[in-house]
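Visitor: Protein chains in written order, with our numbering: chain C, 1 to 343; chain G, 344 to 612.
What follows is a single structure, and I will ask about it in a moment.
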Amino acid sequence: MSVIEVENLTKVFKIPQKDPGLGGAIKGLFAPRFQSKTAVDRINFRLDRGEIVGYIGVNGAGKSTTIKMLTGVLMPTGGSIRVLGRDPHRQRIDNAREIGVVFGQRTQLWWDLALIESLNLIARMYDVPPARYKQMLDEFSQTLDLGSLLKVPVRNMSLGQKMRSELAAALIHEPKVVYLDEPTIGLDLIVKERIRDFIKAECGSKGMTVMLTTHDLGDIEQLCRRVIIIDEGRVIYDGPIETIKKKFGKFREITFETTGLVPSLSLPPGCELLSTGDRKVTLRFDRIQTTASQVASAVMKQIEVRDFSLSEPDLANIVKQIYNGALDNGGVEPEAADARPAP
Amino acid sequence: MRALRRDLSIYLSIFGMTPKVFMAYQLWFWIGLVLNTIGMAILVFFWRAVYADTDSVAALSLQQTLTYILLAQIFFPLTDVDLIFDFGFNLREGNIIHFLLRPINFQGMYYVQNLSSLMMRLILQIPIAVVATLLFGLQWPTDPATWGAFAVSALLGFTALFFFHWFLACLTFYTTEVWGLGVLIFGMSLFLSGSLVPLTMMPGWLQTVVLSIPFAQAIAVPVSLLTGITPLIQAPLVWLTQLAWVTGMWLVSALFFRVAVRKVTVQGG
């Protein structure tokens, strides 16, 4: 039996329409007008025990709305959800006991209190036996480096410290299902890496089913074997990450800032010049044929580089290409349930 | 039974958590002390002016009225349920999601938080009580039975008011706009709770109106018991009436919440 089963899930929001100015406000009082917006449109998927699935899409695609329905906070307009055999909205409290949630843009911790106070209360709420709680706290103090943060009020923490604390709060009761909504948003590379490693180790070793939404394809690449891409409320791809990586992930862009004007460059195979500007050059390279360090090394031998940056493939661009049939020959149909890799 | 024990243990933890949140903002304590003293002084001078040419108003002497007004000010936190603005803020900021994700009854959690907050606010009123005694000559009741009757009535009144506010706060799930409703309810609460004017001084028809809505249950009813305006012998009847309010408001608010929560929208991604 799947841990999460979603069938024809739909959510329609009624958005009030207001004309500008005082007249519009008064008119709105007597004759309110609403526009229907379908945020999630008849989507289907299943997640098995232990799967870590990336749920991605551009802003407004319907990712967070789906997560909020899966957690039981929002009631679907249509379709059905079963999480561990329960209807999350109707059985909200029972469902809440089995899940852990991180919303990257808001905190579940008590803002004014030391982290340890929040964790104590959360452990009590989820009925974590005291001995097990102590064990988990020791473990998280190591893996998430929380030791020095336990007595710090959440409002005094940096973004990275807060996110590590959020993860501890979401996982301290060892939930069976974990929803991570943009857990690495706004974090620097080192913290991102640490959080990815933690998620991989913690959720993987305990067989947790994880649904991860993110705009960072690096998160997906490192954590997920399966990805679901959603756009305008509809699933446009459900299948192995490998297909996406092969099709869209083989190119990277690398931009160099130089100290002087850029001469014509001799580039390694698989690397091409995208643009040059005043003291700036952008290259694109095929990761199968060459590596970032080879490209950087080749360029640095020819010019003096002040700084350089690597960029991931753009998600919006990938979605656009899928619409244009980029995957038609890839053998993967949208929403193809049997395309899922084994957990 | 185990589930009940677990829930009680959680509620106890939440009860213990709220004072710590309170302590985080010490400045408010001092600002509150100054503002409350000024407010109390204005009321005392006002009522002294009202009684300048008369010995009694609505069968109450100046001393009785001042005792009532000062006690009503000291116990004002009994009416200080801020659910409408709280719901509105949490809906606007999207924080409501975390409350709904806790594996515990949402209303129960909020009630315990508010009860704990009430205890803290009452403790923080002690300096106000000292000011009322030393500066304005407040005469405290001394009969323990009166204090007992007051305590039961205050708890019942506060609980009834909490459920009433809960019902109103659920409207924000539909409107998502809270300012107008919040200000209206605050104004009504200020006047209709009896914290500014004893109920017996209101015209008969207004007394009927006031006693038909729950605001007065939290201040006018218990403070009237405390000051002797309502004789102690009537306490059981007062409690029964308040218990009926609590039961009715709890049923209405819990049912409305079950319907209203379907309308929740979580702002901001």
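Ideal placement from N, C-alpha and C gives every residue a C-beta, glycine not left out.
Since C:Q35 meets chain G, which of its residues come closer than 9 Å, beta carbon to beta carbon?
Guide: Ordered by position in chain G, no residue passes the 9 Å Cβ test against C:Q35, which lies about 14 Å from the chain.
Visitor: From C:G270, C:K200, C:H215, C:V101, pick the residue whose C-alpha is nearest to that of C:A169; which is it?
Guide: C:V101
Visitor: Which value, in whole angstroms, describes the spacing of the CA atoms of C:A336 and C:L9?
Guide: Note that C:A336 has pLDDT 39, beneath the 50 cutoff, so the model's placement of it is unreliable and the number below is only indicative. Rounded to whole angstroms, C:A336 to C:L9 spans 16 Å at the Cα level.
Visitor: With a cut-off of 8 Å, does the C-beta of G:T408 fall near any C-beta of chain C?
Guide: Not one chain C Cβ lies under 8 Å of G:T408.
Visitor: Can you grab the Cα-Cα spacing for the pair G:I439 / G:T543, in whole Å?
Guide: So the two alpha carbons sit approximately 41 Å from each other.
Visitor: Could you round the C-beta distance between G:A512 and G:S536 to whole angstroms and report it? I think they count as a contact, below 8 Å.
Guide: About 17 Å separates the two Cβ atoms, so there is no contact after all.
Visitor: To the nearest angstrom, report how far apart C:Q17 and C:P32 are at their CA atoms.
Guide: 7 Å
Visitor: Of all Cβ atoms in chain G, is any one closer than 8 Å to the Cβ of C:T184?
Guide: no
Visitor: Consider the Cβ of G:I447: report whether some Cβ of chain C lies at a distance smaller than 8 Å.
Guide: Yes, its Cβ sits closer than 8 Å to a Cβ of chain C.
Visitor: Indicate whether G:F442 and G:N448 have their beta-carbon atoms separated by less than 8 Å.
Guide: no
Visitor: Taking Cβ to Cβ, would you say C:P269 is nearer than 8 Å to C:A298?
Guide: Cβ distance not < 8 Å, so C:P269 and C:A298 don't count as in contact.
Visitor: Please check if any C-beta of chain G sits within less than 8 Å of the C-beta of C:R279.
Guide: no
Visitor: Would you mind stating whether C:I220 and C:I56 have Cβ atoms separated by less than 8 Å?
Guide: yes
Visitor: In this structure, does DSSP put G:S404 in helix, strand or coil?
Guide: strand
Visitor: Under 7 Å Cβ to Cβ from C:C203, same chain only, skipping five residues before and after it: list those, please.
Guide: I52, V178, V210
Visitor: Roughly how many whole angstroms lie between the Cα atoms of G:L458 and G:G359?
Guide: Those two C-alpha atoms are separated by around 11 Å.
Visitor: Suppose contacts are defined by Cβ-Cβ distances below 8 Å. Is C:I241 in contact with C:R225 by that definition?
Guide: yes
Visitor: Locate the beta strand (DSSP E) running through G:T502, then write down its first and last residues.
Guide: No beta strand (DSSP E) holds G:T502; the alpha helix (DSSP H) holding it covers 487-513.
Visitor: For a test of the three-state rule: what should DSSP assign to C:E333, helix, strand or coil?
Guide: Residue placement at C:E333 cannot be trusted, given a pLDDT of 43 that sits under 50; the coordinates are not used to answer.
Visitor: With burial defined as no fewer than 16 other Cβ atoms inside 10 Å of the residue's Cβ, what is the status of C:Y237: buried or exposed?
Guide: buried
Visitor: Are any of the Cβ atoms in chain C nearer than 8 Å to that of G:S459?
Guide: no
Visitor: If you count every other CB in all the chains shown that lies within 10 Å of the CB of C:D19, and 16 or more means buried, which is it?
Guide: exposed
Visitor: What are the start and end residues of the alpha helix (DSSP H) that includes C:V231?
Guide: The question names Val, but residue 231 of chain C is Asp in the sequence shown. Careful: C:D231 lies outside any alpha helix (DSSP H), inside the beta strand (DSSP E) at 226-231.
Visitor: Where G:R445 and C:E182 are concerned, what is the direct C-alpha to C-alpha distance, given to the nearest angstrom?
Guide: 20 Å
Visitor: How many Å lie between C:L115 and C:S165 at the Cα?
Guide: When rounded, the separation of the alpha-carbon atoms in C:L115 and C:S165 is 7 Å.
Visitor: In three-state terms, what does DSSP make of G:D429?
Guide: helix
Visitor: If we define contact as Cβ-Cβ less than 8 Å, is C:E117 a contact residue for chain G?
Guide: yes
Visitor: Expressed to the nearest angstrom, what Euclidean distance is found between the alpha-carbon atoms of C:F285 and C:L113?
Guide: 48 Å
Visitor: Starting from the N-terminal side, write out each stretch of the alpha helix (DSSP H) that is 4 residues or longer and does not extend beyond the region 71-104 of chain C.
Guide: 92-98
Visitor: What does a CB cutoff of less than 6 Å around C:R340 pick up in its chain, not counting 5 residues either side in sequence?
Guide: With a pLDDT of 42 at C:R340, under the threshold of 50, the modelled position of this residue cannot be trusted; read the value that follows with caution. Within the same chain, C:R340 has close Cβ partners R226.
Visitor: Could you say if the region 61-73 of chain C and the region 90-108 of chain C meet the contact criterion of at least three C-beta pairs nearer than 8 Å?
Guide: yes
Visitor: So the beta strand (DSSP E) C:D41 belongs to, where does it begin and stop?
Guide: 33-47
Visitor: Which residues of chain G have a Cβ atom closer than 7 Å to the Cβ of C:Y126, listed in chain order?
Guide: P446
Visitor: Is the beta carbon of G:A559 sitting closer than 8 Å to the one on G:L568?
Guide: no
Visitor: Counting contacts by CB-CB distance shorter than 8 Å, is C:V40 in contact with chain G?
Guide: No - not a single Cβ of chain G is within 8 Å of the one on C:V40.
Visitor: Roughly how far, in whole angstroms, is the beta-carbon of C:T255 from the beta-carbon of C:T282, given that I think they are within contact range, below 8 Å?
Guide: For a cut-off of 8 Å, the C-beta gap from C:T255 to C:T282 is around 5 Å, short enough to register as a contact.
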